[in-house]
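A.B. asks: Right, I'll just put the structure down here and ask away after.
In structure tokens:
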């Protein structure tokens, strides 16, 4: 599973710590998510997607989906 | 915050006991005891590291624990449990092949469990936590 957190965070000019504080996790968790070393719980995925104002499937992409939708 | 303070107090107590033990002359020239003291120091270092990282989280107004840190702990604990079973099997195997007394073997086994947990924690943290 891949995600667009880094890209979306950069768009909003948000630091990892700020995003972590907004969704109630440690900064380390955001680092792990961005590096693809952690698959979040549904709750955290929902909170992150909600913060960016996007549906979960536009923030978190399964590898087969990411390969079929390279332009998104 | 309470857990952070407890971890610092326990670390200080362990260090004080180790210092007392060393002052009584147990460490003088005894390689086995020096190795054990070294392992205890590494474990205390690990506890202090966890305490300091919790303290930093508190200062940054982050939660001291979140789903990732809990998952790392859970995975490291379960892995350490499996490995420790083999460790105790090994201790049982060498128990009649060594001159070490029973209490020394038990002490070494307990220290070994702590080291196994530390290594598992490092391994899980390095590998990351993925469900797929």
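Residue numbers (our numbering), protein chains in the order written: chain P, 6 to 77; chain C, 321 to 452. Every residue gets a Cβ at the ideal spot worked out from N, C-alpha and C, and that includes glycine. If you're wondering where the values come from, they're calculated on a predicted model, not measured in any experiment.
Give the straight-line distance between the Cα atoms of residue 386/C and residue 397/C, rounded to the nearest whole angstrom.
C.D. replies: In a straight line, the C-alpha of residue 386/C is about 16 Å away from that of residue 397/C.
A.B. asks: Taking 7 Å as the CB-CB limit, is residue 417/C close to chain P?
C.D. replies: No, residue 417/C lies away from the interface with chain P (no Cβ there is under 7 Å from its Cβ).
A.B. asks: Say whether chain P places a C-beta atom closer than 7 Å to the C-beta of residue 444/C.
C.D. replies: No, residue 444/C lies away from the interface with chain P (no Cβ there is under 7 Å from its Cβ).
A.B. asks: Suppose contacts are defined by Cβ-Cβ distances below 7 Å. Is residue 388/C in contact with residue 37/P by that definition?
C.D. replies: Yes, the pair counts as a contact, with Cβ atoms nearer than the cut-off.
A.B. asks: Applying the criterion that 16 or more other CB atoms from any shown protein chain within 10 Å of the CB defines a buried residue, is residue 325/C buried or exposed?
C.D. replies: Residue 325/C is exposed by the Cβ-count criterion.
A.B. asks: Under DSSP, the alpha helix (DSSP H) around residue 426/C begins and ends at which residues?
C.D. replies: Where residue 426/C is concerned, the enclosing alpha helix (DSSP H) stretches over 422-447.
A.B. asks: Tell me the DSSP secondary structure of residue 464/C in three-state form.
C.D. replies: For chain C, the structure presents residues 321 to 452; residue 464/C sits outside this window and is missing.
A.B. asks: Is residue 77/P buried or exposed, if buried means 16 or more other CB atoms sit within 10 Å of its CB?
C.D. replies: In this prediction, residue 77/P scores a pLDDT of 48, lower than 50, which makes its location untrustworthy; the coordinate-derived value is nonetheless stated afterwards. Burial call: exposed.
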